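As structure tokens, the structure follows; a few thoughts come after it.
Residue numbers (this note's numbering): 405 to 958.
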């Protein structure tokens, strides 16, 4: 990203307004710097010449006003920058989540859910440094050095030419350092993504690891990933400190050259004291904004790297606003058609789903089976509209999925993933997730139909200090997820059930209860299954293989 990314300007009106205000405050700060130096040099020169206190009162008053104006401009910019940063981060998170949820499932799959979570969370939080420190300093660099150099050139031509010749050295070294910093920050962000992926994978597979007594072994892998992240962070800090040293050295030597010339001419009578003080006080101010810009660039580099990643996701993934919002008919029950669809995730050569054609008619139960890696979860993501097909198309009621309003479509689908989401609250809150005012009797019946009628509706989940026995096993989590889906069906809010291994981890009796509930739901159902009882309950079976998916009648 350059100094100010044009994509950010196009997406955010707050950034444009903030940039205009920053320019105005920069002009005010530049004027205050010049007035402050003039007033201070006048006070010192008159005091040295033996003038009385009354002769310096005016200069002291002007100096105090200039200092207050400069401080006020900096404070206003800091406050506005913090508010703008919060507003822009919220807007970017909304746009990024909208892009990921409406069309970015394939992108998330290739990036990793852990990396996506790191990007939406701490990644965009790093923009605080860009708004609060880097952008204000960037504006000061565009205004203050030019104003100071012009003023010094007017006061003393020799010193002004010296500043004009040495000033470009600072941005020259900044560019060289910036190229190195960008590479370091890219590696650091990759380490953050790697750590996020690893942690997310561990959380997802933790029940299996605990069951196989392999959780402790993974701690060493997580420690190594964290150590690589620590090393990358230290490399970034080392570059930041070294670059600050280089910029300070260049600026100090440049000011020293100006000071030597002024001192020699002052000694030999070629310059009066007030002019010499005025030039000496202004010379460091010409280099200070550039030195600080180099320092603050490192504060914002992590946020800039995350912003580039976010824009890549938002630009490549169509959001729901770019779709033709064709409403899905509510009167008819969903009918799905998959027409020669294949999926290959970005950055991968092997397809996640080989070419597949199938239809799901209203009212029937279709089971999808196949070995691990054959594309079952990818198929469900396609039907939810979370993944764009690489070839072929998916139809909903005859409408191409890309032309369907996904929020409206999702409201008609009850989706149960392999690991249903459990939020902090009661069992009833989790079953009624996304629903308001569901009758308690319906909630109990949905839990009973899912084989979880023994759960207490008021039991707390996910809270510290909750009574013993209120945590859910993996099988109970699946049953709560199934109950949540069945409740949507019972309330007439969903016409299609999409389930991913809903009976995994259940005993034979409870599996029979869930199978019977699916048969009695009287809605279209597509279920990923391996267990024979669930496959036997289906009207048709779609068998996927790594080479050639085929559709077979049960």
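Quick reminder that beta carbons are idealized off the backbone N, C-alpha and C, glycines included. Just so we're clear, the structure is a prediction, and the values are computed from it rather than from any experiment.
The region 429–445 and the region 677–692 touch, with no fewer than 3 CB-CB distances between them shorter than 8 Å. DSSP lists 769 and 901 as the beta-bridge partner residues of residue 929. Secondary structure of residue 794 (DSSP, three-state): coil. If you check the CB distance, residue 844 and residue 832 come in under 9 Å. For the pair residue 841 and residue 895, the Cα-to-Cα distance works out to about 11 Å.
Judged by DSSP secondary structure, residue 757 falls outside any alpha helix (DSSP H) and instead within the beta strand (DSSP E) spanning 757–764. Its Cα nearest to that of residue 902, the residue 785 stands out among 797, 639 and 785.
Residue 937 places its beta carbon less than 9 Å from that of residue 907. Remark: three or more beta-carbon pairs, one from each stretch, lie closer than 8 Å, so the region 423–438 and the region 537–555 are flagged as touching. Approximately 5 Å separates the beta-carbon atoms of residue 688 and residue 659; this is inside 8 Å, confirming the contact.
According to the DSSP assignment, residue 945 belongs to the beta strand (DSSP E) that extends over 944–948.
The beta-carbon separation of residue 922 and residue 769, rounded to 6 Å, stays under the 8 Å limit for a contact.
With a threshold of 16 other beta carbon atoms within 10 Å, residue 494 falls short and is exposed.
Taking all protein chains shown into account, residue 424 has fewer than 16 neighbouring C-beta atoms within 10 Å of its C-beta and is therefore exposed. With a threshold of 16 other beta carbon atoms within 10 Å, residue 564 meets it and is buried. Taking a contact as a CB-CB distance under 8 Å, the pair residue 865 and residue 876 counts as one, their CB atoms being some 6 Å apart.
DSSP places residue 558 outside any beta strand (DSSP E); the residue lies instead in the alpha helix (DSSP H), whose first and last residues are 539–559. Contact between residue 761 and residue 742 holds, with the beta-carbon distance rounding to 6 Å and staying under 8 Å.
Between residue 899 and residue 919, the C-beta spacing is not below 9 Å. Secondary structure of residue 840 (DSSP, three-state): coil.
Between the region 789–803 and the region 745–758 there are three or more C-beta pairs closer than 8 Å, enough to call the two in contact. Residue range 936–940 is occupied by the alpha helix (DSSP H) that includes residue 936.
Around residue 939, the same chain offers 771, 773, 933, 945 and 958 as residues with beta carbons nearer than 8 Å, after the five sequence neighbours per side are excluded. Spatial neighbours of residue 570 in its own chain (CB-CB distance under 7 Å, excluding positions within 5 residues in sequence) are listed in chain order as 658 and 661. Under the DSSP assignment, residue 908 falls outside any alpha helix (DSSP H); it carries neither an H nor an E label.
Residue 684 holds the alpha-carbon nearest to the alpha-carbon of residue 656 among 905, 684, 634 and 676. Per the DSSP secondary-structure output, residue 799 pairs in a beta bridge with 741 and 804. Counting only residues of its own chain and dropping the five nearest sequence neighbours on each side, residue 804 has a CB closer than 6 Å to the CB of 797. In the structure shown, the three-state DSSP call for residue 435 is helix.
When the beta-carbon positions are compared, residue 853 and residue 943 stay at least 9 Å from each other. Taking a 10 Å sphere around the C-beta of residue 882, we find 16 or more other C-beta atoms and assign the residue as buried. Of the residues 429, 820, 691 and 861, the one whose Cα lies closest to the Cα of residue 577 is 691. Less than 9 Å separates the beta-carbon of residue 556 from that of residue 686. Taking 9 Å as the cut-off, the Cβ atoms of residue 695 and residue 651 count as close. In this structure, the straight-line span from the alpha carbon of residue 528 to that of residue 559 is close to 46 Å.
Residue environment analysis places residue 781 among the buried positions, since at least 16 neighbouring C-beta atoms fall within 10 angstroms of its C-beta.
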